[in-house]
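With the sequence shown counted from 1, adding 2 to any position gets you my numbering.
Glycine is no exception: its CB is placed at the ideal position from the N, C-alpha and C atoms.
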Amino acid sequence: MLHQVLKSKLHRAMITAADVDYEGSIEIPTDLMEVVGLWPGEKVLVASITTGNRLETYVQPGVPGTGNILINGGAAHRIKKGERVAIMAFGLSDTPVLAKKVVLDEENRVLRDGR
Numbered sequence: 003m004l005h006q007v008l009k010s011k012l013h014r015a016m017i018t019a020a021d022v023d024y025e026g027s028i029e030i031p032t033d034l035m036e037v038v039g040l041w042p043g044e045k046v047l048v049a050s051i052t053t054g055n056r057l058e059t060y061v062q063p064g065v066p067g068t069g070n071i072l073i074n075g076g077a078a079h080r081i082k083k084g085e086r087v088a089i090m091a092f093g094l095s096d097t098p099v100l101a102k103k104v105v106l107d108e109e110n111r112v113l114r115d116g117r
């Protein structure tokens, strides 16, 4: 049997911009993507810690080292600039998976590994 399990998590990420007119997705700096093993185009669940809103979208690679996490398209109606979010990706496995999780500060720098 395959289980759907957490594989990647950026916890307490800060949304630095929101653009309703963009085609869609969430843009994450490639250095942060690499830390937790996210791929360009991968589906993610974005859960606002600020409001409780949740949505699914896909990852667009952003400029490394900037800390800029942008939410785009219709998703920008649900999650706004300045909100804290958890960005999570899941995978299917028939064995337990040790998820790559980190906690970010207000400028989206890695503070520590997540629990």
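From the options, residue whose alpha carbon lies closest to that of residue i
i      : options                         : result
Thr18  : Val38, Gly116, Met90 and Asp107 : Asp107
Gly64  : Ile73, Glu58 and Ser10          : Ile73
Arg111 : Tyr24, Gly26, Val22 and Ile30   : Ile30
Residue range of the unbroken alpha helix (DSSP H) whose run includes residue i
i     : result
Ala77 : Ala77 to Arg80
Met3  : Here Met3 belongs to no alpha helix (DSSP H), and DSSP marks it neither H nor E.
Asp33 : Thr32 to Val38
Segment limits, beta strand (DSSP E) that includes residue i
i      : result
Glu25  : No beta strand (DSSP E) contains Glu25, which DSSP labels as neither H nor E.
Leu113 : Val112 to Asp115
Asp21  : Ala19 to Asp21
Integer Cβ distance of residue i from residue j, believed to fall under 8 Å
i     : j     : result
Val48 : Lys11 : Not really, about 11 Å apart at Cβ, beyond 8 Å.
Could you check whether the stretch 78-94 touches the stretch 3-19, counting it as contact only if at least three pairs of C-beta atoms, one from each stretch, sit closer than 8 Å? Judged by pairs of C-beta atoms under 8 Å, the stretch 78-94 touches the stretch 3-19, as three or more such pairs exist.
Are the stretch 47-55 and the stretch 4-12 touching, with three or more C-beta to C-beta distances below 8 Å? Too few Cβ pairs lie closer than 8 Å, so no.
For the stretch 47-101, list the alpha helix (DSSP H) runs that are entirely contained and at least 4 residues long, ordered along the chain. Those alpha helix (DSSP H) runs which fall completely within the stretch 47-101 and span 4+ residues are 77-80.
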